[in-house]
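Below: the structure, in structure tokens.
Numbering (our numbering), first residue to last: 2 to 298.
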């Protein structure tokens with residue numbers, strides 16, 4: 002097997018599947034690590050060797066999620082070799098070999114923490130960025146990818162182009178987010194850049210801000226407040242607040258761009274107003290019944 006050419010064709014195959022550059026890079030990096038580690042030709046690798054590789058990753062203290070990503074990359078490459086390259090190889094990554102993952106509840110900010118964070122943000126640009134995550138549920142990659150032409154100011158909405166999974170969607174702009182955006186655009190440096198959010202100082206001044214640039218800004222604000230906050234937590238906070246306000250679960254799914262309603266349903270475990278109302282309603286009935294019953298003795 003010509004491994005080098007197979008990997009090149011595998012990369013081309015992934016691109017034809019319209020996977021994002023980050024996903025393709027992750028697949029190839031994981032595959033490279035496995036090829037460097039394995040001590041035999043790939044066509045001779047069996048499920049026992051995959052088990053040994055899992056043990057190797059566990060010794061390196063890789064998380065179950067990371068290990069499963071490695072296994073998915075290997076499995077997909079072997080499927081490519083068998084079904085696209087017509088090679089007589091068996092896929093050594095069997096069903097059931099993936100690690101069981103914990104399912105923690107989505108972490109969100111309390112109302113007081115949101116208020117403190119917004120009060121600490123003095124930069125018009127930073128405030129507009131974080132309001133889009135907190136009120137419109139945008140991912141950090143979606144925020145940095147926004148172009149000036151993506152906004153529909155009259156309808157108070159914006160278009161998210163090529164979001165996660167290559168999907169487009171429409172999200173809406175709350176009044177306070179609209180106000181923050183207008184304030185930023187008034188002071189935004191003029192130039193040819195089509196992206197909305199730009200670097201404001203240093204050697205890259207006037208260039209589009211990066212994902213890491215946004216993350217570092219939030220880390221700085223959080224550190225000054227003694228909080229642990231991530232960009233994704235702002236998105237989780239938006240979903241939780243919408244649920245608390247009795248927004249329909251399907252509406253939240255559409256706004257967040259989730260492919261499956263099951264993903265959105267995780268927020269019901271954090272906050273479900275209907276369950277809360279039903280619980281206290283049932284408790285009131287139960288206690289009233291108990292009190293009435295006590296009068297007979």
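C-beta: ideal position from N, C-alpha, C; glycine also.
Item to check | Option nearest residue 338 by Cα separation, candidates 227, 86, 232 and 65 | outcome: The question about residue 338 has no answer, for the chain in this structure spans 2 to 298.
Item to check | Own chain partners of residue 128 with C-beta closer than 6 Å, once the 5 adjacent residues on each side are dropped | outcome: The residue given as residue 128 occupies position 127 in the chain shown. Answer for residue 128: 122 and 181, listed in chain order.
Checklist entry - Where does residue 125 sit, in a helix, a strand or coil, going by DSSP? => result As a first step, residue 125 is located in the chain shown; it is residue number 124 there, counting from the start. Helix.
Item to check | Straight-line Cα distance separating residue 75 from residue 40 | outcome: By 1-based counting over the chain shown, the position of residue 40 is 39. By 1-based counting over the chain shown, the position of residue 75 is 74. Straight-line Cα distance between these residues: approximately 15 Å.
Item to check | Which residues DSSP lists as bridging residue 209, in chain order | outcome: For the purposes of this step, residue 209 is identified with residue 208 of the chain shown, where counting begins at 1. Paired residues: 199.
Item to check | Three-state class that DSSP yields for residue 153 in the structure shown | outcome: As a working note, residue 153 is residue 152 in the chain shown. Residue 153: strand per DSSP, three-state reduction.
Item to check | Extent of the continuous alpha helix (DSSP H) to which residue 77 belongs | outcome: As a position in the chain shown, residue 77 is number 76, starting the count at 1. Element bounds for residue 77: 65–84.
Checklist entry - Whole-angstrom Cβ separation of residue 133 and residue 161, contact assumed at under 8 Å? => result By 1-based counting over the chain shown, the position of residue 133 is 132. By 1-based counting over the chain shown, the position of residue 161 is 160. So it is not a contact: roughly 10 Å between Cβ atoms.
Checklist entry - Which residues mark the beginning and the end of the beta strand (DSSP E) in which residue 161 is found? => result As a first step, residue 161 is located in the chain shown; it is residue number 160 there, counting from the start. Here the beta strand (DSSP E) through residue 161 covers 158–161.
Checklist entry - To which residues does DSSP link residue 230 through a beta bridge? => result Translated into positions along the chain shown, residue 230 becomes position 229. None, per the DSSP bridge assignment.
Checklist entry - At what residues does the beta strand (DSSP E) containing residue 170 begin and finish? => result The residue labelled residue 170 in the question sits at position 169 within the chain shown. Run containing residue 170: 170–173, per the beta strand (DSSP E) assignment.
Item to check | For residue 148, the three-state DSSP class (helix, strand or coil) | outcome: For this step, residue 148 is matched to residue 147 along the chain shown. Three-state result, residue 148: strand.
Item to check | CA-to-CA distance, residue 288 to residue 280, given in whole angstroms | outcome: Along the chain shown, read from residue 1 onward, the residue named residue 280 stands at position 279. Along the chain shown, read from residue 1 onward, the residue named residue 288 stands at position 287. Here the alpha carbon of residue 280 sits roughly 12 Å from the alpha carbon of residue 288.
Item to check | Other residues of its chain near residue 100: CB distance less than 7 Å, five sequence neighbours each side excluded | outcome: If you number the chain shown from 1, residue 100 lands on position 99. In the same chain as residue 100, and ignoring 5 residues on each side of it, the C-beta atoms closer than 7 Å to its own belong to 65, 68 and 69, in chain order.
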